[in-house]
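Here's the structure, in structure tokens; my notes come after.
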Amino acid sequence: EPEVTQTPSHQVTQMGQEVILRCVPISNHLYFYWYRQILGQKVEFLVSFYNNEISEKSEIFDDQFSVERPDGSNFTLKIRSTKLEDSAMYFCASRRLANEQYFGPGTRLTVT
Amino acid sequence: RKEVEQDPGPFNVPEGATVAFNCTYSNSASQSFFWYRQDCRKEPKLLMSVYSSGNEDGRFTAQLNRASQYISLLIRDSKLSDSATYLCVVNEFGGSQGNLIFGKGTKLSVKP
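As you go down the protein sequences, you meet chains P and R in turn. Residue numbering for the first sequence follows the working numbering, beginning at 10 and increasing consecutively. Residue numbering for the second sequence follows the working numbering, beginning at 292 and increasing consecutively.
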């Protein structure tokens with residue numbers, strides 16, 4: 010069964026550093042998403058991406074964040090200058106035409 | 292502010308019990324509804340979509356009441372493996388957006 014994959018599984022970085030989180034969505038999916046979950050809190054939407062452009066973003070997704078689909082398979086989330094409060098699990102999700110979204114295993118980001 | 296509200300639990304039940312979870316959502320224009328389950332420090336996994344007519348998948352039954360903005364999940368004959376956090380999830384839009392709004396989840400613990 011095809012799955013969404015994410016790398017790395019755990020990333021530790023210092024405050025102010027740039028990080029890139031990588032995702033490979035399910036191959037025939039068309040819509041791509043990033044969500045985050047701070048420990049003990051609910052899953053929160055960050056950004057959606059369709060047809061090579063951002064279609065929706067939340068207030069969390071400020072100028073420090075960017076997304077890219079550099080080739081036909083990868084979907085990346087970049088945080089330019091990390092803050093302590095960026096520490097969270099970051100989940101990538103994808104869907105085809107139906108509404109069901111499938112999530113990757115997540116990247117745990119720890120900012121020190 | 293668009294919200295999805297759930298009883299946080301925990302629900303502690305013996306194996307074989309029937310357990311019901313409830314959820315309310317604030318945006319009457321919401322279009323799609325789901326239950327996901329999340330194991331500790333793992334990604335949300337789609338359990339089932341929820342349709343207006345109600346739907347069943349094995350031991351799981353989901354109901355939607357659009358007039359009351361209320362969603363429910365019933366688990367019959369609970370198994371130890373059902374222990375997880377159950378997330379009520381709403382999709383306010385369709386098409387190229389379709390970002391999901393998550394509840395905080397209801398924790399279920401099934402004991403032998």
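In this text, a Cβ means the ideal position worked out from N, Cα and C, and glycines have one as well.
With residue 368 (chain R) and residue 399 (chain R) assumed to form a contact (beta carbons below 8 Å), what rounded beta-carbon distance in angstroms separates them? About 14 Å separates the beta carbon of residue 368 (chain R) from that of residue 399 (chain R), a gap too long to meet the 8 Å contact definition.
Between the alpha carbons of residue 65 (chain P) and residue 44 (chain P), how many angstroms are there, rounded? Computed Cα separation, rounded: 12 Å.
Give a yes or no on whether 7 Å exceeds the smallest Cβ distance from residue 49 (chain P) to chain R. No, no contact with chain R.
C-beta contact flag for residue 52 (chain P) and residue 63 (chain P) at 7 Å: Against a cut-off of 7 Å, the Cβ pair of residue 63 (chain P) and residue 52 (chain P) comes out as no contact.
Cα-Cα separation, residue 82 (chain P) to residue 35 (chain P): Each residue's alpha carbon lies about 8 Å from the other.
Where do the ends of the beta strand (DSSP E) carrying residue 302 (chain R) lie? Residue 302 (chain R) -> beta strand (DSSP E) spans 302–305.
Would you please state the rounded distance, in angstroms, between the beta carbons of residue 361 (chain R) and residue 315 (chain R)? I believe it to be under 8 Å. Between residue 361 (chain R) and residue 315 (chain R) the beta-carbon gap is near 5 Å, inside 8 Å, which marks them as a contact.
What are the boundary residues of the beta strand (DSSP E) that residue 335 (chain R) is part of? First-last of the beta strand (DSSP E) with residue 335 (chain R): 335–341.
Are residue 317 (chain R) and residue 294 (chain R) closer than 7 Å when you measure CB to CB? Yes, they are a contact pair.
Are at least three pairs of beta-carbons, each pair with one atom in the region 342–362 of chain R and one in the region 23–31 of chain P, less than 8 Å apart? Counting Cβ pairs under 8 Å, fewer than three are found: no touch.
Residue 37 (chain P) touches chain R at which residues, Cβ-Cβ below 8 Å? Here the premise fails: no neighbours, minimum Cβ distance about 17 Å.
Terminal residues of the beta strand (DSSP E) in which residue 328 (chain R) lies: Start and end: 323–329.
For residue 80 (chain P), three-class secondary structure by DSSP: Coil, per DSSP.
Contiguous beta strand (DSSP E) assignments of at least 3 residues, all confined to the region 44–107 of chain P: Counting only runs that start and end inside the region 44–107 of chain P, the beta strand (DSSP E) elements of at least 3 residues fall at 53–59, 62–66, 74–77, 84–88, 97–104.
Examine chain P for any beta-carbon lying closer than 7 Å to the beta-carbon of residue 334 (chain R), and answer yes or no. Yes, contact with chain P.
Secondary structure at residue 372 (chain R), three-state DSSP: helix, strand or coil? Helix, per DSSP.
Closer than 8 Å is the cut-off here; do at least three beta carbon pairs connect the region 327–338 of chain R with the region 97–116 of chain P? Short answer: they touch.
Ordered along the chain, which non-local residues of its own chain (more than five positions away) have a Cβ less than 7 Å from that of residue 73 (chain P)? Closer than 7 Å at Cβ, skipping near neighbours: 88, 89, 90.
Whole-number beta carbon distance between residue 343 (chain R) and residue 357 (chain R), since they are thought to touch under 8 Å: In this structure residue 357 (chain R) is in contact with residue 343 (chain R), their Cβ atoms being roughly 6 Å apart against a cut-off of 8 Å.
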